Structures are given as structure tokens and as C-alpha cells.
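Participant:
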Amino acid sequence: MKRQRDVDAAPRWAHWVLGPLAVLWMVPVVMVVGISLLPTSNPGTTALGLLPEEPTLRNYVTIFQTNPIGRHLLNSLLVSVPSIVLVLLLGSMTAFALARLRVPFKGVVFVGLILALVLPMAGVVTAMFKILQGLGLYDNLLGLVLAYTALGLPFAVIMIRTTYLAIPDETYEAALVDGSSTWTIFWRIYFPLGKAAAAVVVVWQLMMSWNDFLLPLVAIGDNHLKPLTLVPLAYRGIYLSQPGALFAVLVLISVPIVVVYLSVQRYLVNGLAGSVK
216 MKRQRDVDAA
226 PRWAHWVLGP
236 LAVLWMVPVV
246 MVVGISLLPT
256 SNPGTTALGL
266 LPEEPTLRNY
276 VTIFQTNPIG
286 RHLLNSLLVS
296 VPSIVLVLLL
306 GSMTAFALAR
316 LRVPFKGVVF
326 VGLILALVLP
336 MAGVVTAMFK
346 ILQGLGLYDN
356 LLGLVLAYTA
366 LGLPFAVIMI
376 RTTYLAIPDE
386 TYEAALVDGS
396 STWTIFWRIY
406 FPLGKAAAAV
416 VVVWQLMMSW
426 NDFLLPLVAI
436 GDNHLKPLTL
446 VPLAYRGIYL
456 SQPGALFAVL
466 VLISVPIVVV
476 YLSVQRYLVN
486 GLAGSVK
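Everything in the sequence shown is counted per the numbering used here, starting at 216 for the first residue and increasing by one.
#1: Over what stretch of residues does the alpha helix (DSSP H) that includes K441 continue unbroken?
#2: Measure the Cβ-Cβ separation of M422 and I472 and say whether it is below 8 Å.
#3: Taking the beta carbon of K321 as the centre, do at least 16 other beta carbons fall within 10 Å, making it buried, or is it exposed?
#4: How far does the alpha helix (DSSP H) with I284 in it extend, from its first residue to its last?
#5: According to the Cβ coordinates, are T281 and L252 closer than 8 Å?
#6: Does DSSP put T377 in a helix, a strand or coil?
#7: In the DSSP assignment, the alpha helix (DSSP H) including L455 goes from what residue to what residue?
#8: Taking only three categories from DSSP, how would you classify L330?
#9: Any idea if D221 is buried or exposed, counting beta-carbon neighbours within 10 angstroms, 16 or more meaning buried?
#10: Near G438, which residues of its chain fall below 7 Å by C-beta distance, leaving aside the five closest residues on each side in sequence?
#11: The alpha helix (DSSP H) spanning G349 covers which residue range?
Okay, structure coming up:
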């Protein structure tokens, strides 16, 4: 037992290496938060220029008073939440089919998913724009939902399929012997057992759909439909003279990602560990 703990424990040198790296990584985060708390009348700072001497939440009040931030926040939610749900459900069902069912050309499908996964956003944004325009979904939040769902499915299928393959074949066979249908086996057995991988997919999909700037930039022209990430660009005239308000918007964009990550952190670590195994 002791030997197992020694194997699982990280070596001491890792703490000395990862600790300073973590502090270094946090410096830009602290700077963004610090600038968002700067008072416009006295922008002096302390703590190596990272934090203001007199922090204030006035910048956060300003962005809500000068812009319809609530509307843009709602737009981001209307895009991110449905895309996460669709990717999770469709990705789980596809992963189950590729892991346990007899699917024609299964290898070809899997290779196609890997190729789709490595495509950068900049390489597909023009094609996405043309498709959305052809479907009449330009300037439509539904178009963004469908686009992010399509872009997120390859990673979701590969990630969840890895977890499903780790479930013993005997589990699937025993459920069939008991008279369970394929849908029941998926929904009652595989889907619950894949919650760790699902947590990874949720965080990945949220980061892609919530933080993305390029696709909404070309697919949404109406200011009232733009998500939160486009607020600094849409109202750049206001923020040129108010850097504190601009950074307050950036903090507001980051908060949901941090909250979701902290909520599913335990499942996220297990899901990543499972994918490595």
C-alpha cells in the first residue's frame, strides 16, 4: 500500500518546478483583474504594479450602465448552453455506436473525426460562413449553435469513445442477456459511467463556444445579437478612454469558465486520467 502511494505521489522536484510556473501563469490573470479594479481618478498601483492602491468596482457598474451587457451575456448563454447539450448527447451516442455497435466503415469514420479535430478555426470559418449564409442562418444565434455543435463533436466522440472502450465487454453482453435494448444499455449504463469524460467535453465545449471571437465576428452583424466576446469590439469607441471598463468586460467573460471548471474539476481530472489510460 505504501509503495503504491509512493508511485502515485508526484516527485518532490515537480513541486519546485510547477510551483513557480503556476505563479508565473497567474501574473497576467492578476494584472487583468487589477486593471479592472483601477479607479479612473487615481490609477496608481502597488504590489509590483499588479493591484490598485484603491480598488473599486466602479468599472463593473459602468459597463452595465453604458452597454446592454445583460443582452450580450444572454446571447452567449443562448449559444453555449444548447451547443454543450447537443454535443454531449450526440457525441455520447456516436461514441457508443463506434465503441460497441457494428458500424460500417468504423475505421474511416474515426479517421475522419481525427482529421476534423486538427482543423483550426481559421481554416473553416469561411466555409462555415458560406454554409450559414446558404441556410439563411446568417445573423442568427441558431447558426452559431449548429456551427459550434459541428465543431465540438469530433473531440467529444473521441474523448467519450475512449471511456466507453474501457468498460468491459461483459457488461454490454450481460445487459443484452437480461433483455435490455441498445438504447437502455446506453442510457442506463454507458452514459452514467461516462460522466468523467462528459465533464471534459463540457469544459472543452464551453471554452470553444463561450470564448470564440472569430466565428461570431463573421457570422453575426447585428449588435444586439453579438455574444459577450464581441463587446470590446462592438463598443470600442467607449473603451478607448476607459481601460478599466474594458478589462472588467474581459473578467466578466472569464468568470463562467472558471465557475464551471471548479464545479466539475473532480470529474475533469478523472476524465483526463481515463483518456490517458
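For every residue, glycine included, the Cβ atom is placed at its ideal position computed from N, Cα and C.
Because the structure is a prediction, the values reported are computed rather than measured.
Facilitator: So, from the listed chains and residues:
#1: One-based indexing of the sequence shown puts residue 441 at position 226. First-last for K441: undefined, no H or E at that position.
#2: Position 207 of the sequence shown, counted from the start, is the residue given in the question as residue 422. Position 257 of the sequence shown, counted from the start, is the residue given in the question as residue 472. Going by C-beta atoms, M422 is nearer than 8 Å to I472.
#3: Translated into the one-based positions of the sequence shown, residue 321 becomes position 106. Exposed: under 16 other Cβ atoms inside 10 Å.
#4: Here the question's residue 284 lines up with position 69 in the sequence shown. That run of the alpha helix (DSSP H) goes 284-315.
#5: By 1-based counting over the sequence shown, the position of residue 281 is 66. By 1-based counting over the sequence shown, the position of residue 252 is 37. In this structure, L252 does not lie closer than 8 Å to T281 by Cβ.
#6: Position 162 of the sequence shown, counting from 1, holds the residue named residue 377. If DSSP states are grouped into helix, strand and coil, T377 belongs with the helices.
#7: Numbered from 1 along the sequence shown, position 240 holds the residue referred to as residue 455. Here L455 belongs to no alpha helix (DSSP H), and DSSP marks it neither H nor E.
#8: One-based indexing of the sequence shown puts residue 330 at position 115. DSSP places L330 in helix when its eight states are reduced to three.
#9: Within the sequence shown, the letter at position 6 stands for residue 221. The predicted model places D221 with a pLDDT of 45, which falls under 50 and marks its position as unreliable; any figure quoted below should be read in that light. D221 comes out exposed.
#10: As a first step, residue 438 is located in the sequence shown; it is residue number 223 there, counting from the start. Before going further, note that residue 438 is Asn rather than Gly in the sequence given. Excluding positions up to five away in sequence, the list reads A449.
#11: Translated into the one-based positions of the sequence shown, residue 349 becomes position 134. 336-349 is the extent of the alpha helix (DSSP H) around G349.
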